[in-house]
Amino acid sequence: MVSDKQDNPSPRLEVEVAGMLENVALEQLCVVTREAIDDGIGFGWLNQPPQKTLENYWRGVMLMPDRTLFIARMDGQVCGACQLVRPPTSNEAGAFAAEIVNFFLAPWARGFDLAKKMLKEVEEYAHEQGFRSLNSNMRADQQAAIAVCEWLGMKKWGIKERYAMIDGKFVPGYYYTKDID
């Protein structure tokens, strides 16, 4: 059997800052979010939320002025997302640092270096916006996300033993940072 990667060795990979979510993009984003949840990387969700909850979540992200949504596409199809979060205006002392949150790709979009492309574009955008540091955190069992953060040059600075609880057991979390100035 021939794999998808051999059938389509050079898919068109794009990362864009979402200006607005049209209905098709919103639906595709909800589908890939469900796929990520089923694969165990649902950025906090362990079970499938109702469709309306997912739609409201993504619409809410678009309404938050302190968040920038990056959407990954493969051959025009939404296949993942990432958010860059600015600190609140009341945190003047920490205004130099932005945070990468809710970073994921659908299982079928992995293996094409799209995760690297997405995080690199997030880093460049953060730098252009004047941020001097970039932070992120994730569960210790998210090996692909950890590998991409380390590829980007982020350094692990901390571990929280009780970061998440899955099936009644605590999972540690890792904290990463990178100076981008």
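Residue numbering for the sequence shown follows full-length UniProt numbering, beginning at 1 and increasing consecutively. Yeah, the Cβ is synthetic: ideal placement off N, Cα and C, and Gly gets one too. In this text, all values refer to a predicted model and were calculated from it rather than measured experimentally.
query: Same chain, Cβ closer than 6 Å to Glu-121, neighbours up to 5 away in sequence not counted; result: Val-15
query: Cβ-based burial, Ala-106 [other Cβ within 10 Å; buried from 16]; result: buried
query: Simplified DSSP state of Leu-46, which is helix, strand or coil; result: coil
query: Where the alpha helix (DSSP H) through Asp-181 begins and ends; result: No alpha helix (DSSP H) contains Asp-181, which DSSP labels as neither H nor E.
query: One or two residues paired with Arg-77 in a DSSP bridge; result: In the sequence on display, residue 77 carries Gln and not Arg. Met-74, per the DSSP bridge assignment.
query: Stretch-stretch touch, CB-based, cutoff 8 Å, three pairs: the segment 67-79 with the segment 40-48; result: no
query: Beta-carbon proximity check, Leu-119 vs Ala-98, cutoff 8 Å; result: no
query: Secondary structure of Ala-140, DSSP reduced to three states; result: coil
query: Terminal residues of the beta strand (DSSP E) in which Trp-157 lies; result: 155-166
query: Member of Arg-34, Pro-65, Asp-179, Gln-77 whose CA lies at the smallest distance from the CA of Pro-50; result: Arg-34
query: Cβ-based burial, Asn-135 [other Cβ within 10 Å; buried from 16]; result: buried
query: Ordered list of beta strand (DSSP E) runs contained in the segment 51-134, each at least 3 residues; result: 67-74, 77-85, 97-105
query: Neighbourhood of Ala-36 by C-beta distance below 6 Å, restricted to the same chain and skipping five residues each side; result: Gly-42, Phe-104
query: Rounded separation between Thr-53 and Tyr-175 - CA only; result: 28 Å
query: Contacts around Lys-116, its chain only, beta-carbon distance under 7 Å, and the 5 residues preceding and following it disregarded; result: Val-148, Trp-151
query: Beta-bridge pairing of Leu-13 - partner residues as DSSP gives them; result: Met-74
query: Proximity below 8 Å, CB of Met-154 to CB of Leu-114; result: no
query: Counted within 10 angstroms of its Cβ, other Cβ atoms place Arg-59 as buried (16 or more) or exposed; result: exposed
query: Of the listed residues Met-64, Gly-158, Gly-173, nearest to Gly-19 (C-alpha basis); result: Met-64
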